[in-house]
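**Q** If you read the protein sequences in the order shown, they are chains A and W.
In this text, residue positions in the first sequence follow my numbering: the first is -5, and each later residue adds one.
In this text, residue positions in the second sequence follow my numbering: the first is -5, and each later residue adds one.
Ideal placement from N, C-alpha and C gives every residue a C-beta, glycine not left out.
Given the structure is predicted, the values throughout are model-derived calculations rather than measurements.
Number of protein chains: 2
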Amino acid sequence: MADEKLTPRSENYSEWYNQVIQRAELADYAPVRGCMVVRPYGWALWENIQQSLDRRFKETGHVNAAFPMFIPMSFLEKEKEHVEGFSPELAVVTIGGGEVLEEPLVVRPTSETIIGYMYSKWVKSYRDLPILINQWANVVRWEMRTRLFLRTLEFYWQEGHTAHATAAEAEEETLRMLGIYADFAMQDAAIPVIPGRKSATEKFAGAAASYTIEAMMGDTKALQSGTSHFLGQNFAKAFDIQYLDQNNELQYCWTTSWGVSTRMVGAIIMTHGDDQGLVFPPRLAPIQAVIVPIYRNEEEQGKVMPVVEKIRSQLAAFRVKVDDRTEVTPGFKFNDWEMRGVPLRIEIGPKDVEKGTVALARRDKPGREGKAFISQENIVSAVTGLLDEIHISLYNRARDFRDAHMYDPKDYNEFQEVVQNGWAFSWWCGSADCETKIKEETKATTRCIPLDQPGGTGKCIYCGQPATEKTYFARAY
Amino acid sequence: MADEKLTPRSENYSEWYNQVIQRAELADYAPVRGCMVVRPYGWALWENIQQSLDRRFKETGHVNAAFPMFIPMSFLEKEKEHVEGFSPELAVVTIGGGEVLEEPLVVRPTSETIIGYMYSKWVKSYRDLPILINQWANVVRWEMRTRLFLRTLEFYWQEGHTAHATAAEAEEETLRMLGIYADFAMQDAAIPVIPGRKSATEKFAGAAASYTIEAMMGDTKALQSGTSHFLGQNFAKAFDIQYLDQNNELQYCWTTSWGVSTRMVGAIIMTHGDDQGLVFPPRLAPIQAVIVPIYRNEEEQGKVMPVVEKIRSQLAAFRVKVDDRTEVTPGFKFNDWEMRGVPLRIEIGPKDVEKGTVALARRDKPGREGKAFISQENIVSAVTGLLDEIHISLYNRARDFRDAHMYDPKDYNEFQEVVQNGWAFSWWCGSADCETKIKEETKATTRCIPLDQPGGTGKCIYCGQPATEKTYFARAY
């Protein structure tokens, strides 16, 4: 497997993506169309993403719970936009225990409705607010065109659902969670995301406003990598989530929802991967460093292995694997772990044993540039330092790549050209009409209206009418 | 809520169970019949159970993955006993994306079939073995009579699925995991379980042999609390899981599966709970100690709260909550946290501030016996020591209760009597006929044939024929 060359990204990006996932054993196709099996190496990455997000949620006062995956069909119909948005994508259980069900059950595509129903039972008074609950769950959307991690019938995510006494508090929560997503993406996944607001066309079905973090993949397409929705009182009114305020008057709550899914695995693959395979950001990598012992005979093996064990135990605070396979060569192992994206390789051979050194090789810098010989005594500080350096170097490389493919076209002609291989950051009048025409003519959609605006006003890149905000346009996954 | 008395267990055990779950906000009924919402306090307990088990799985070389929840109906039909066992309990998706599906999809009741299918793709050679995979998942069994945590349509569990080259290795794995479950139950849940083999009637549909840990609840009924199955080559043959051995000959694998579910939450409630409410074992309790500040006016509050904060920060290594509500009295808080099963209460009032002490109250020993005043300087060692003591005391109390309700009846007459309020440990000839008659006449089923046998032989408690093994009989959940 590891000795076959991957299709280069420049030749066929989508083929490269599928190959690297299969060869690195991140995921496999399931026997049911559009479903995936997340294999142990892929799931270990997802577990690290989960821990990293979960810690942030808990630090900001959120708690986890679990709501049922079966939702009565009638629940979805209570919020008009919501049912319109989701009904084409539903999986429906019609038989249970051998009997046809009186009311069909939907397998949750998202849980605003059933959680709204429960909140209406739990919330009585302003003292019960805010409710800050998250759940880690599987959801199902019956998609026609699927891609491993990016779009699968069943996928894994977290969905936070909060209820508040005031609009201001709910809006603050919506933006707080967007900030947490951006912080996670930049600090842990080394992905330079752009936080912003979705257009009315692109927002979540049932939301008053949707926010997103958008990332540029290695083929310059955009990937929506996490969303946070201010739901206004739409679901509170549909599900009657009311509370008695301090004046003993009944008020509707204001709610939010926000989610990050196994798409994030796709984002990591496509942001950092290269023609040798995966490149995992050190803070999330399932294996942060692999130790490859090098010996030609039993005598050398007898010298090398005790040092390998010593180094492994010194690195107990890191996620380290010793590749002690005897049926493959060190060269095979180097290629194999490069393909699997392990940030750091530690080579230990007989000469290293004599000199008291090890050889370190960085995944992000192939060849001599990424290689260093260090004293065994300094292994902990060297690994600590290098993992941080690799994180920063991956982040910077992704940011530089993005900036190199980011354009401010002077007119619509140039716009049409640049979005073929990059993003346009352009004034837009805000009309759905211009947005639709741009999409039809260029396949580029509005990715987000960034929170960070240049100020001033300009003319819509499409219609030339006055515009007050600049917007990112790109082809997207 | 907290000031209403719970129905005493002696009066109506089942009512007590439902009340305590609702009042302590562990779970709630979902709008879909038989489904539950696990609320944050209940889910926090489950997360601690998960961590405690997951650590043990990983220490023994297992890795996590995720397999799809939709299984083609035809897969279940490949293993005859399996489909007979599960087909009455299936939820079936017949519509996806608005279209009637060609082949209906079953929502997994358990995943041997789909995992078997994937293993047949992944396993080629003896070098690929063993495969040691676990998944944390939701599963669905369309049960008619449901109880929160004990039997719900959808429930949460882990299911381990392993494939091995030899029968001996698979049998060893089956018993290793049974041992891990027993260790978890005793060391962390403080539940004295009995590990043993299931009878042929009671074994898992499709297994060659099933093992179980059985626990006695507070009403003396038995609860099967975890199972580990040796599947022989049944699923390997049904799904063609074959490997090339060292002689390059094709062999079928030997497989196992094993699971612990949210039933364990029910086991904890019913093993340790009392008429005041929950009693959580300290190593799994979501809140290990609650600090209740006591003051009557702002001046006292100003003195007490800084000490509360100091104690909280000293106890950072524990799961501690400060109950700083101002709208309820300390007495209300004491009852509330007793009902919620928090193992240790720390009271800090103005006198404690003056004397440099705190008052500690143990949940497992109400009244004076469980109360101690200790110096603030010793808080960390006192809490460490007391949590361990409480664990041991809960374990011993549950073991003593079990032993006090364990009988070795001299004949079937006595057997019929003792199983009304306890377990019988009796010789059994092993015939399904005796087992069925005993069940019909007494409602007691064979719980397990313990691994630890007294030796010798005896006469079957029902038919009087020679018997080589003693078996536990009890009414069960």
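(1) Who are W:I384's beta bridge partners in DSSP?
(2) Tell me the DSSP secondary structure of W:V117 in three-state form.
(3) Going by DSSP in three states, W:I455 sits in which element: helix, strand or coil?
(4) On a Cα-Cα basis, can you pick out the residue from A:V133, A:S222, A:H155, A:Q152 that is closest to A:A176?
(5) Which value, in whole angstroms, describes the spacing of the CA atoms of W:N443 and W:V254?
(6) Tell me which same chain residues have a C-beta within less than 6 Å of the C-beta of W:A230, skipping the five on either side of it?
(7) Smallest Cα separation from W:P62: which of W:G79, W:Q129, W:R170, W:P300?
(8) Do the stretch 154 to 171 of chain W and the stretch 77 to 93 of chain W touch if we need at least three Cβ pairs shorter than 8 Å?
(9) Measure from the C-beta of W:G91 to each C-beta in chain A and report whether the shortest distance is under 8 Å.
(10) Alpha carbon to alpha carbon, how far is A:E429 from A:L388?
(11) What three-state label does DSSP hand A:Q152 in the structure shown?
(12) Could you check how far apart the C-beta atoms of W:L0 and W:V57 are, in whole angstroms? I think they sit under 8 Å.
(13) Taking Cβ-Cβ distances below 8 Å as the criterion, which residues of the stretch 80 to 107 of chain W are in contact with chain A?
(14) For W:A183, tell me which candidate among W:W252, W:I207, W:P275 has the shortest Cα-Cα distance.
(15) Just to make sure I have the definition right: I need the residues of chain W whose C-beta is within less than 7 Å of the C-beta of A:P34. Which are they?
(16) Using the Cα positions of W:I432 and W:A438, report the straight-line distance between them to the nearest angstrom.
(17) Only counting the same chain, and skipping five residues up and downstream in sequence, which positions put a Cβ closer than 7 Å to that of W:S251?
(18) On the DSSP bridge assignment, give the partners of W:V100 in chain order.
(19) Can you list, in chain order, the residues of its chain whose CB lies under 7 Å from that of W:N228, leaving out five sequence neighbours each side?
(20) Could you list which residues in chain A have their beta carbon closer than 7 Å to that of W:C29, in chain order?
(21) Give the secondary structure of W:Q236 by DSSP, where H, G and I count as helix, E and B as strand, and everything else as coil.
(22) Which residues share a DSSP beta bridge with A:C442?
(23) The alpha helix (DSSP H) that contains W:Q13, what's its start and end?
(24) Can you tell me whether A:M(-5) is buried or exposed? The criterion is at least 16 other CB atoms within 10 Å of its CB, across all chains shown.
(25) Taking C-alpha atoms, which residue in A:A232, A:Q270, A:K118 lies nearest to A:D239?
(26) What in chain W is Cβ-close to A:A24, meaning under 9 Å?
(27) Write down the C-beta distance between A:W40 and A:V314 rounded to the nearest angstrom, noting that I regard them as a contact closer than 8 Å.
(28) Alpha carbon to alpha carbon, what distance is there between A:F312 and A:N329?
(29) Look up A:G350 in the DSSP assignment and say whether it is helix, strand or coil.
(30) Can you give me, in chain order, the residues of the stretch 200 to 228 of chain A that have a beta carbon less than 7 Å from any beta carbon in chain W?
(31) Buried or exposed: W:I207, going by 16 or more other Cβ atoms within 10 Å of its Cβ?
(32) How do the stretch 315 to 323 of chain A and the stretch 350 to 364 of chain A stand: do at least 3 beta-carbon pairs fall below 8 Å, yes or no?
(33) Around the C-beta of A:S204, are 16 or more other C-beta atoms found within 10 angstroms, so that it is buried, or is it exposed?
(34) Between W:Y406 and chain A, is any beta-carbon pair separated by less than 8 Å?
(35) Leaving aside the five residues before and after W:Y406 along the sequence, list all residues of the same chain whose C-beta is less than 8 Å from its C-beta, in chain order.
(36) Along the alpha helix (DSSP H) that carries W:P324, what are the first and last residues, could you check?
**A** On the basis of the supplied data:
(1) Here residue 384 of chain W corresponds to residue number 390 of the second sequence, with the count starting at 1. Its beta-bridge partners do not exist; DSSP assigns none.
(2) Along the second sequence, one-based indexing puts residue 117 of chain W at 123. DSSP places W:V117 in coil when its eight states are reduced to three.
(3) Position 461 of the second sequence, counting from 1, holds the residue named residue 455 of chain W. It is coil, neither helix nor strand.
(4) Start at 1 with the first residue of the first sequence, and residue 176 of chain A comes out as number 182. Selected option, being the one with the closest Cα: A:S222.
(5) Taking the first residue of the second sequence as 1, we reach residue 443 of chain W at position 449. Taking the first residue of the second sequence as 1, we reach residue 254 of chain W at position 260. Reading the sequence as shown, one finds Ile at residue 443 of chain W and not Asn. Their Cα atoms are separated by approximately 19 Å.
(6) Counting from 1 along the second sequence, the entry for residue 230 of chain W is found at position 236. Same-chain partners within the cutoff: Y246, C247, T249.
(7) As a first step, residue 62 of chain W must be located in the second sequence, where it is residue number 68. The shortest C-alpha separation from W:P62 is found at W:Q129.
(8) no
(9) The count along the second sequence starts at 1 and reaches residue 91 of chain W at position 97. Yes, W:G91 lies at the interface with chain A (some Cβ there is under 8 Å from its Cβ).
(10) Here residue 429 of chain A refers to the residue found at position 435 when the first sequence is read from its first residue. Here residue 388 of chain A refers to the residue found at position 394 when the first sequence is read from its first residue. Rounded to whole angstroms, A:E429 to A:L388 spans 33 Å at the Cα level.
(11) Mapped onto the first sequence, residue 152 of chain A falls at position 158. Of the three classes helix, strand and coil, the one that applies to A:Q152 here is strand, per DSSP.
(12) Walking along the second sequence from the start, residue 0 of chain W turns up at place 6. Walking along the second sequence from the start, residue 57 of chain W turns up at place 63. So it is not a contact: roughly 43 Å between Cβ atoms.
(13) Against chain A - using a Cβ distance shorter than 8 Å - the residues of the stretch 80 to 107 of chain W are S81, P82, E83, L84, A85, V86, V87, T88, I89, G90, G91, G92, P98, L99, V101.
(14) Mapped onto the second sequence, residue 183 of chain W falls at position 189. Among W:W252, W:I207, W:P275, the Cα nearest to that of W:A183 belongs to W:P275.
(15) In the first sequence, counting from the first residue as 1, residue 34 of chain A sits at position 40. Correct list: V57, N58, A59, I127.
(16) Along the second sequence, read from residue 1 onward, the residue named residue 432 of chain W stands at position 438. Along the second sequence, read from residue 1 onward, the residue named residue 438 of chain W stands at position 444. Whole-angstrom Cα-Cα distance: 7 Å.
(17) Locating residue 251 of chain W in the second sequence gives position 257, counting from the first residue. E106, E153, G154, H155, H223, L225, listed in sequence order.
(18) In the second sequence, the residue the question calls residue 100 of chain W occupies position 106. Note: W:V100 sits in a beta bridge opposite W:I65, W:V86.
(19) Within the second sequence, numbered from 1, the residue matching residue 228 of chain W stands at position 234. Only E73, G200, A202 meet the Cβ criterion.
(20) Residue 29 of chain W sits at position 35 when you count from the first residue of the second sequence. Neighbours of W:C29 on chain A, chain order: P62, F64.
(21) Looking up residue 236 of chain W in the second sequence gives position 242. Here W:Q236 sits in strand by DSSP.
(22) Indexing the first sequence from 1 puts residue 442 of chain A at position 448. The beta-bridge partner set that DSSP reports for A:C442 consists of A:Y466.
(23) Translated into the one-based positions of the second sequence, residue 13 of chain W becomes position 19. Start and end: 7 to 17.
(24) As a first step, residue -5 of chain A is located in the first sequence; it is residue number 1 there, counting from the start. For A:M(-5), the predicted model reports a pLDDT of 47, less than 50, meaning its position is unreliable; a value from the coordinates is still stated below. Classification of A:M(-5): exposed, given that the 10 Å Cβ count is below 16.
(25) Stepping through the first sequence from its first residue, residue 239 of chain A is reached at position 245. Closest option to A:D239, Cα to Cα, is A:K118.
(26) As a working note, residue 24 of chain A is residue 30 in the first sequence. Neighbours of A:A24 on chain W, chain order: F61, P62, F64, I108, Y111, M112.
(27) In the first sequence, counting from the first residue as 1, residue 40 of chain A sits at position 46. In the first sequence, counting from the first residue as 1, residue 314 of chain A sits at position 320. So it is not a contact: roughly 20 Å between Cβ atoms.
(28) For this step, residue 329 of chain A is matched to residue 335 along the first sequence. For this step, residue 312 of chain A is matched to residue 318 along the first sequence. The straight-line gap from Cα to Cα measures roughly 22 Å.
(29) Here residue 350 of chain A is taken as the residue at index 356 of the first sequence, counted from 1. Correct three-state label for A:G350: coil.
(30) Within the stretch 200 to 228 of chain A, no residue has a Cβ that lies closer than 7 Å to any Cβ of chain W.
(31) Along the second sequence, read from residue 1 onward, the residue named residue 207 of chain W stands at position 213. Result: buried.
(32) The stretch 315 to 323 of chain A and the stretch 350 to 364 of chain A do not touch, with fewer than 3 CB-CB distances between them shorter than 8 Å.
(33) By 1-based counting over the first sequence, the position of residue 204 of chain A is 210. When all chains shown are included, A:S204 counts as buried.
(34) Looking up residue 406 of chain W in the second sequence gives position 412. With 8 Å as the cut-off, W:Y406 does not count as an interface residue toward chain A.
(35) By 1-based counting over the second sequence, the position of residue 406 of chain W is 412. I455, Y456.
(36) In the second sequence, the residue the question calls residue 324 of chain W occupies position 330. Run containing W:P324: 324 to 333, per the alpha helix (DSSP H) assignment.
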